[in-house]
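Working notes, beginning with the structure itself.
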Amino acid sequence: MITRVCIIFWVVPLTLYTLWFILSANDINFGSIYLSRQMHDIVMQTYANLLGIDPAIIPALLIRAVVWDLAVVLAILAYRRRREIKAWWQARKAHASEPVSEMTPAAVNVDPLAVGQGNQAVERTL
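For what it's worth, this note's numbering labels the leading residue of the sequence shown as 916, then goes sequentially.
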């Protein structure tokens, strides 16, 4: 339960910011000032002034931060479910190491005399 809540509180703001960024960068504003390109430029300039960097590199920094956050969140989830992952992996390896049986007529339960004879095989079985 706590894991789901934490993921929701991580994903929702990230999704909202990403949607705002994409819509405002492309000036798809639906008549709203908040999604306009002017607001986008003002926000990016404000971030740049606060950080003392060029506004053009902010999107790259945000992408790197999101990738790093995603790696941390996935690592935490993998650690919390490590026993389930280990059991799944062992079952997968055990299933993969089983020999594959040959497809012989006896293995697939087909009468070898009936192959290629059409309706005669059906009449013989009746």
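Where is the CB? At the ideal position from N, CA and C, for every residue including glycine.
Owing to the predicted nature of the structure, the values given are computational and were not obtained by experimental measurement.
Assigned secondary structure, residue i (DSSP; H/G/I helix, E/B strand, else coil)
i, result
"Asp-1080", "The displayed coordinates of the chain run from 916 to 1041. Any statement about residue 1080 would go beyond what the structure contains."
"Ser-939", "helix"
"Glu-999", "helix"
"Met-916", "coil"
"Asn-964", "helix"
"Phe-945", "coil"
Contact check, residue i vs residue j, beta carbons under 7 Å
i, j, result
"Ile-973", "Met-954", "no"
"Leu-950", "Ser-939", "yes"
"Ala-963", "Pro-970", "yes"
CA-to-CA distance, residue j to residue i, given in whole angstroms
i, j, result
"Asp-956", "Phe-936", "10 Å"
"Ile-978", "Asp-984", "10 Å"
"Glu-999", "Ala-993", "9 Å"
"Lys-1001", "Ser-947", "50 Å"
"Val-920", "Arg-1007", "30 Å"
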